[in-house]
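Taken in order, the sequence shown gives residues 74 to 271; the numbers are from my numbering.
Worksheet: one structure, shown below.
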Amino acid sequence: LGYAVPERPDIVLAWPATLHPIVPFVDVWDEMQRAAKGEARQRRGDEFAGKIVMIGANASGIPDAHPTPMLRTHFGLDFIATAVDNLKHQNYLTPAPRYLTAAIGVLLLAIVFAGYRAGKNSVKVGAMLLAASLALVGVAYAAIDRRVVLHIATPLWFAWAFYAVLALRTYLAERDLRRRATETFSRFVNPVVVGQLL
């Protein structure tokens, strides 16, 4: 159709907010039958003029239904129509470079590590990671508006898993320190006083 095709093996589809119009084949067939009999038209004669028409099946029970970000089931014809629409308007999505995803992951891990290294407690480190995560989600949404897909799920999962491991490690170390302090001081001081000191 003369639309520019990107120089890559695939594209990420940008799904439209509304579905493409569907005209049931039986309606067109009935119109053709009326025209053949010389009866009055019920549909406009130029209904498909200047439009791209795709013919396909989209009935329930057809195994050509797949989940998409928009609906639980889209038919194969919807995929093709969306791809043609994306090429026509040049509004398909472009994935961000992989190294950017890796850099984001390293940065999040560094934030967690630096927080614990500086002696901050788990609540403060968690608050820093939460703020960084929310900022990253905002950046990802802004990138989508510019037709760029920024994959942030994996870096976020790794950062929060790293945080959970270090928080657990810190908790266990603190608990062990308390236990040893209690045992040591209980030899010389009343246990009630030891509890107050701790």
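Even for Gly, the Cβ is constructed at its ideal location relative to N, Cα and C.
Mapping DSSP to helix, strand and coil, what is Leu92?
For the purposes of this step, residue 92 is taken as residue 19 along the sequence shown, with counting starting at 1. Looking at Leu92 - three-state DSSP - the assignment turns out to be coil, as it is neither helix nor strand.
Can you name the residues that DSSP bridges to Pro168?
Indexing the sequence shown from 1 puts residue 168 at position 95. According to DSSP, Pro168 bridges with Val222.
Locate the alpha helix (DSSP H) running through Met105, then write down its first and last residues.
Taking the sequence shown and counting its residues from 1, one reaches residue 105 at position 32. Run containing Met105: 98 to 110, per the alpha helix (DSSP H) assignment.
Can you say whether Ala154 is buried or exposed, counting buried as having 16 or more other CB atoms within 10 angstroms of its CB?
Numbered from its first residue, the sequence shown carries residue 154 at position 81. With 16 or more Cβ atoms within 10 Å of its Cβ, Ala154 is classed as buried.
From Leu202 to Gly192, what does the alpha carbon distance come to, in whole angstroms?
Taking the sequence shown and counting its residues from 1, one reaches residue 202 at position 129. Taking the sequence shown and counting its residues from 1, one reaches residue 192 at position 119. Approximately 15 Å, taken between the alpha carbons.
Sort Leu209, Gln163, Arg190, Arg253 by Cα distance to Ile177 and report the nearest one.
Along the sequence shown, one-based indexing puts residue 177 at 104. Looking at the Cα atoms, Leu209 is the closest of the given residues.
Which of the three DSSP states, helix, strand or coil, is assigned to Val210?
Translated into positions along the sequence shown, residue 210 becomes position 137. Helix, per DSSP.
Any chance the stretch 221 to 235 sits against the stretch 159 to 178, with 3 or more Cβ pairs inside 8 Å?
These segments touch.
Tell me, which residues are paired with Val85 by DSSP?
Against the sequence shown, residue 85 aligns to sequence position 12. Val85 pairs with Leu166.
Would DSSP call Ala232 helix, strand or coil?
Residue 232 sits at position 159 when you count from the first residue of the sequence shown. If DSSP states are grouped into helix, strand and coil, Ala232 belongs with the helices.
Check this for me: beta carbons of Asp100 and Arg116, under 9 Å apart or not?
Taking the first residue of the sequence shown as 1, we reach residue 100 at position 27. Taking the first residue of the sequence shown as 1, we reach residue 116 at position 43. Cβ atoms of Asp100 and Arg116: closer than 9 Å.
Excluding five sequence neighbours on each side, which residues of the same chain lie with their C-beta closer than 6 Å to the C-beta of Phe235?
Position 162 of the sequence shown holds residue 235. Result list for Phe235: Leu182, Val185, in chain order.
So who's on the other strand from Phe152, going by DSSP bridges?
Locating residue 152 in the sequence shown gives position 79, where the first residue counts as 1. Looking at the DSSP assignment, Phe152 forms no beta bridge with any residue, so it has no partner.
Give me the residue from His147, Ala237, Ala187, Pro82 with the minimum Cα distance to Ile95.
Position 22 of the sequence shown, counting from 1, holds the residue named residue 95. It is His147 whose Cα lies nearest to the Cα of Ile95.
Starting from the C-beta of Met143, find all residues in its chain whose C-beta is less than 7 Å away, skip the five residues before and the five after it, and write them out in chain order.
In the sequence shown, counting from the first residue as 1, residue 143 sits at position 70. Same-chain partners within the cutoff: Trp88.
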